[in-house]
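Written out below as structure tokens is the structure these notes cover.
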Amino acid sequence: MRTRQQKKLLILLASLCLTLVIAALPFMASYVKPAPAALPKTLVLGANPVGTLFYAMGVGFSKVVSDHTQMKVDLFPQGATVWWPMFETGEVHFGINVPDDVIAAYLGTEIYKEPTKGKGYPIRTIMLGTPIQVVFFVPGDSDIKRITDIKGKRIPTEYGAFFTSTLSCRALLANAGLTFADVKGLSVPSVEAGIKAIIEGRADCALMAVGGAVVEELKAAKGARGISIDSSPDAVKRMQKVFAGYYPIKVSPGPPGITEEILGLGKDITLWAYEKLREDVVYEITKAIWENYKELGPIHPRLKLWTPDRFASTRAIIPYHTGAIKLYKEKGAWTKELEEHQTKLLTIKK
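Residues 37 to 386 (this note's numbering) are what the sequence shown spells out, left to right.
In structure tokens form, the structure reads like this:
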């Protein structure tokens, strides 16, 4: 039998242990990882209106991400000037656009200076993809044969919420040695409205991304023909003064309005995300597209070029989202060169 003294000692030890456990609970709790938050049920992808290339591509991305994650993706078919502010309100989570518009939105310049008070929008890169080819289209019987023939013609120059189209128009005219003052400019609400202005007889030519469905309408109504840019060094330099990321790109016959090989204005179509979108969400988006990119091609021919070898690239002009970087590291695609490029990009907006 235990003596009274032994019992007192045991009680004292038990009391001491209990005191130590209670005291340690806050510290123990800090080492217990909380359960990861559930992925959102729905995401919204910003894309241009029906009839545009970006809308068609958006359909592809929404299907692949919806099919291969727990998240359903809905499309918001409006110009980026409408949905950039919706990143911050949580109404749009990621979007498809091109770098000339995005760098202005990110830095808070051009048309984004006033709404952002020069601070820009919080944007991150997810992945680079298909190069976009932009050209002026004219009716089949048009007397416009070369890009310089556009001087004095009626063309849409202002595209409302589609600032990238306004910039592209500025660059295409610069390629020809022209400015907005050298043409009879029109204002239209969207890029597809520019092509419809030709169909309606209000414009002589208008720009559009090669592969845009609305060019089929022009072809059916009046015939359609794409106009090649000038490939001379001076002409290319003039184009790049508008945005350094533009480059001449070959356009092969096949898409509506392209009956022979020409040159277009090239830029990289990119998926962008809200900077504060959760890392695990962006990781899942990136993973779904990386591992199932072959499902994109059957949805739209231009998506056949949306391949993993393009995703992580030093052509990026805005820092990558950490969720995308996590996936690229897992796939062995994040190189020392990319890490250095990311570090450089992070200093642009400090």
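Just so you know, even glycine gets a beta-carbon here, dropped at the ideal spot from N, CA and C. Because the structure is a prediction, the values reported are computed rather than measured.
Grouping DSSP H, G and I as helix and E and B as strand, with all else coil, what is residue i?
i	result
Lys340	helix
Ala233	helix
Thr131	A quick correction: the sequence has Gly, not Thr, at residue 131. In this structure, Gly131 counts as strand in the three-state DSSP scheme.
Val57	Interpretation of Val57 is limited by its pLDDT of 49, a score under 50 that renders its predicted location unreliable; the figure taken from the coordinates is listed afterwards. Val57 falls in the helix class under three-state DSSP.
Arg346	helix
Val138	helix
Thr306	strand
Ile298	strand
How long is the line joining the alpha carbons of residue i and residue j, rounded to whole angstroms?
i	j	result
Ile159	Asp179	43 Å
Val109	Pro192	33 Å
Leu374	Thr117	29 Å
Tyr310	Leu75	16 Å
Tyr195	Val170	15 Å
His206	Tyr283	The question names His, but residue 206 in the sequence shown is Arg. Answer to the nearest angstrom: the Cα atoms are 14 Å apart.
Ser204	Ala257	25 Å
Gly259	Gly126	43 Å
Val251	Glu296	16 Å
Asp24	Thr88	Since the first residue of the chain shown is 37 and the last is 386, residue 24 is not available in this structure.
Ala65	Ala73	Any answer about Ala65 is weak, because its pLDDT of 49 lies below 50 and its placement is not dependable; what the coordinates show is given next. Ala65 and Ala73: Cα-Cα distance of roughly 18 Å.
Lys153	Phe123	16 Å
Are the beta-carbon atoms of residue i and residue j separated by less than 9 Å?
i	j	result
Gly115	Ser226	yes
Trp326	Gly333	no
Ala360	Tyr329	no
Ala348	Leu164	yes
Lys372	Leu143	no
Arg338	Ala83	no
Glu315	Asp103	no
Phe172	Leu254	no
Val246	Ile294	yes
Please find out if some non-hydrogen atom of the ligand NAP comes closer than 8 Å to the beta-carbon of residue i.
i	result
Gly87	Looking for the ligand NAP in the displayed structure turns up nothing, as the structure carries no ligands at all.
Roughly how far, in whole angstroms, is the beta-carbon of residue i from the beta-carbon of residue j, given that I think they are within contact range, below 8 Å?
i	j	result
Pro354	Val138	The sequence given here places Ile at residue 354; Pro does not occur at that position. With a Cβ gap of about 6 Å, Ile354 and Val138 count as contacting.
Ile305	Val134	6 Å
Ile234	Leu214	Not quite, the Cβ-Cβ distance comes to about 18 Å (not below 8 Å), so this is no contact.
Val95	Leu111	7 Å
His308	Ile168	It is Trp, not His, that sits at residue 308 in the sequence shown. Wrong, their Cβ atoms sit about 14 Å apart, outside the cutoff.
Arg190	Arg261	That belief does not hold up - the Cβ atoms of Arg190 and Arg261 are roughly 17 Å apart, past 8 Å.
Lys312	Leu299	The Cβ separation is near 40 Å, so there is no contact.
Phe199	Ala140	7 Å
Need the endpoints of the beta strand (DSSP E) that residue i sits in, please.
i	result
Phe172	Ile159 to Val174
Asp331	Note on identity: in this sequence residue 331 is Glu, with Asp being the wrong assignment. Element bounds for Glu331: n/a, residue is neither H nor E.
Ala245	Ala242 to Ala245
Glu194	Arg190 to Glu194
Leu261	The question names Leu, but residue 261 is Arg in the sequence shown. Per DSSP, Arg261 belongs to the beta strand (DSSP E) from Arg261 to Ile263.
Tell me where the alpha helix (DSSP H) around residue i begins and ends.
i	result
Ile363	Per the sequence presented here, residue 363 reads as Leu, with Ile not at that position. Segment Thr358 to Glu366, the alpha helix (DSSP H) holding Leu363.
Leu222	Where Leu222 is concerned, there is no enclosing alpha helix (DSSP H), although the beta strand (DSSP E) it sits in stretches over Lys220 to Ser223.
Pro291	From DSSP, Pro291 is part of no alpha helix (DSSP H); its letter is neither H nor E.
Thr125	Pro121 to Thr125
Val109	Unbroken run through Val109 is the beta strand (DSSP E), Lys108 to Pro113; no alpha helix (DSSP H).
Leu254	Val250 to Lys258
Ala92	Leu89 to His104
Leu208	Phe199 to Asn211
Thr152	Lys149 to Thr152
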